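Note sheet for the following structure.
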Amino acid sequence: MSIFQKCNSKIKTREEIVKLLERRLDYKIGFTSGAFDLIHYQHTQYLNQAKDQCDILIVGLNSDTSVQKSKGLSRPILKEEERIRVIAALASVDYVFLFDEKNNNKNIELLKPNFYFKGDDYIGKKLSSQALVEAQGGAVAFISTDTSIEVTGTSSIIQKIKGETIECSKDHIYDGIALIDRDGVINKEVNYLSKVEDFEFIDGAIEGIKALNQANIAVVVITNQPGIGVGLYSKEDFFNINRKMINKLHKEEAWVDKVLFCPDMRKDSYYKKPNEGMLLKAVLGLKTKGKIFMIGDRRSDALAAHKADLEIETIGVKTGKGLADRWVNYAPSVTVKNLLEATEYVKENIDNA
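Per our numbering, the sequence shown starts with residue -3, numbered consecutively.
See the structure below:
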């Protein structure tokens, strides 16, 4: 039998696997499941460790229909016909089958595994299938994967390919960090900006960002995008506008190091400015020997910086909303004309240690 034939022989229906197991009562059976869309290192490590604990490892692969129900219509990236063949090609996997159910209750009821494998991120969480596993004499076994290697998950891989996220090197030490609101600071204010052709840089914005780059100051764009939350435009519209911004900056030998956005409309959203969540996430992983600045055209930007409690110095600009929002009790530390002037202030007040 060729390797190709051997791999394909692992692909069965659930019912076929149940019949095969009837002849292997003395074997320790392990079972796990997942979408396994865009296989990465953590997937293979997880399956290898699971195989080490059993004689026969069976993988239930979520069908395209079930993946779409849990992850949205844009997933999976690879169709079930491809995903199942990739899993079958792994030496750690003995059998693989497709299933449509939203949980593993039916799978466990039929397969009666000795071990039901889950990642260690499920420790302490209620598993709907756990009682069923234990009632049949099996046990839930948690797999801990290698944390010494930073793994890029499937969603992050997709975002990087599409250019939806920008992240800087975690090893670089900056002289400071500039958190910059987008609409009204970098580009001209447009109510619910959704069209690429409506994006226009404010005078001096490109020069300001380039000056920050040259001064070794991290440029992090943080922006509320409630129009996504209410359905006025899509994430793809937002990303397309960002691409225009980034491409224009690159032509001028300038760049942003990180982009974060919050599409949430809820007032109590932890990540939506004037709350602090997005700012705290923005500086996560960034190393700086200087100060952190928040540059915005709204008082809500200053309030978010105040809530973050990171000794962030706030700079207001007169472009965009010009600080004319309702948070009247939260004025920035200093007010300047535009982003270019804000950049000069940052460079003069960075206070390197």
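Backbone N, C-alpha and C fix where the C-beta goes; we use that ideal spot for every residue, glycine too. Just so we're clear, the structure is a prediction, and the values are computed from it rather than from any experiment.
Assigned exposure category for residue i - 16 Cβ within 10 Å defines buried
| i | result |
| --- | --- |
| His39 | buried |
| Asn187 | exposed |
| Ala31 | buried |
| Arg19 | exposed |
| Lys317 | buried |
| Thr284 | buried |
| Leu74 | buried |
| Ala87 | exposed |
| Met(-3) | exposed |
| Ser59 | buried |
| Asn325 | exposed |
| Glu97 | exposed |
| Asp179 | buried |
| Ala84 | buried |
| Ile119 | exposed |
| Asn334 | buried |
| Arg322 | exposed |
| Arg295 | buried |
| Lys6 | buried |
| Asp117 | exposed |
| Lys47 | buried |
| Val192 | exposed |
| Lys254 | buried |
| Thr219 | buried |
| Gly26 | buried |
| Ile169 | exposed |
| Ala201 | buried |
| Ala349 | Any reading at Ala349 is ruled out, since the residue's pLDDT is 46, under 50, leaving its predicted position unreliable. |
| Phe93 | buried |
| Val55 | buried |
| Ile205 | buried |
| Asn243 | exposed |
| Tyr91 | buried |
Sheet register partners of residue i (DSSP bridge)
| i | result |
| --- | --- |
| Gly204 | Bridge partners of Gly204: none, in fact. |
| Phe257 | Thr219 |
| Glu309 | Phe289 |
| Lys283 | Ile169 |
| Phe197 | Asn183 |
| Val330 | Ile311 |
Expected contact under 8 Å - CB spacing of residue i and residue j to nearest Å
| i | j | result |
| --- | --- | --- |
| Asn101 | Ser125 | 6 Å |
| Asp260 | Lys268 | 5 Å |
| Val215 | Ile176 | 6 Å |
| Phe257 | Gln221 | 5 Å |
| Ile311 | Ala338 | 5 Å |
| Ile291 | Ile173 | Contact flag wrong, Cβ pair sits at about 11 Å. |
| Ala304 | Leu275 | 4 Å |
| Phe138 | Lys114 | 6 Å |
| Val82 | Ile52 | No, Val82 and Ile52 are not in contact; Cβ-Cβ is about 19 Å, not under 8 Å. |
| Asp167 | Gly286 | Wrong, their Cβ atoms sit about 17 Å apart, outside the cutoff. |
| Asp33 | Pro72 | 4 Å |
| Ala207 | Lys314 | About 19 Å separates the two Cβ atoms, so there is no contact after all. |
Where residue i sits in the DSSP three-state scheme
| i | result |
| --- | --- |
| Leu17 | helix |
| Ser316 | The question names Ser, but residue 316 in the sequence shown is Gly. Coil at Gly316, not helix or strand. |
| Asp297 | helix |
| Ile213 | strand |
| Thr339 | helix |
| Val252 | coil |
| Ile7 | strand |
| Asn325 | coil |
| Ile25 | strand |
| Leu175 | strand |
| Gln0 | Sequence check: residue 0 is Phe here, not Gln. Residue state, collapsed to three classes: helix. |
| Val192 | helix |
| Lys277 | helix |
| Lys268 | coil |
| Lys263 | coil |
| Ala349 | In this prediction, Ala349 scores a pLDDT of 46, lower than 50, which makes its location untrustworthy; the coordinate-derived value is nonetheless stated afterwards. Coil. |
| Glu160 | Here the model assigns Glu160 a pLDDT of 48, short of 50, so the residue's position is not dependable and the matter cannot be decided. |
Residue i at chain D interface by Cβ criterion, 8 Å
| i | result |
| --- | --- |
| Ile73 | The question asks about chain D, but that chain is absent: this structure has only one protein chain. |
Taking only runs that begin and end inside the stretch 27 to 114, name each unbroken alpha helix (DSSP H) of 4 or more residues, in chain order.
-> 37 to 47, 60 to 67, 76 to 84 and 101 to 107
Pick out the complete beta strand (DSSP E) segments inside the stretch 110 to 141, 3 residues or longer, and give them in chain order.
-> 111 to 115 and 135 to 139
Length at least 3, wholly inside the stretch 223 to 252: the beta strand (DSSP E) runs in chain order | none
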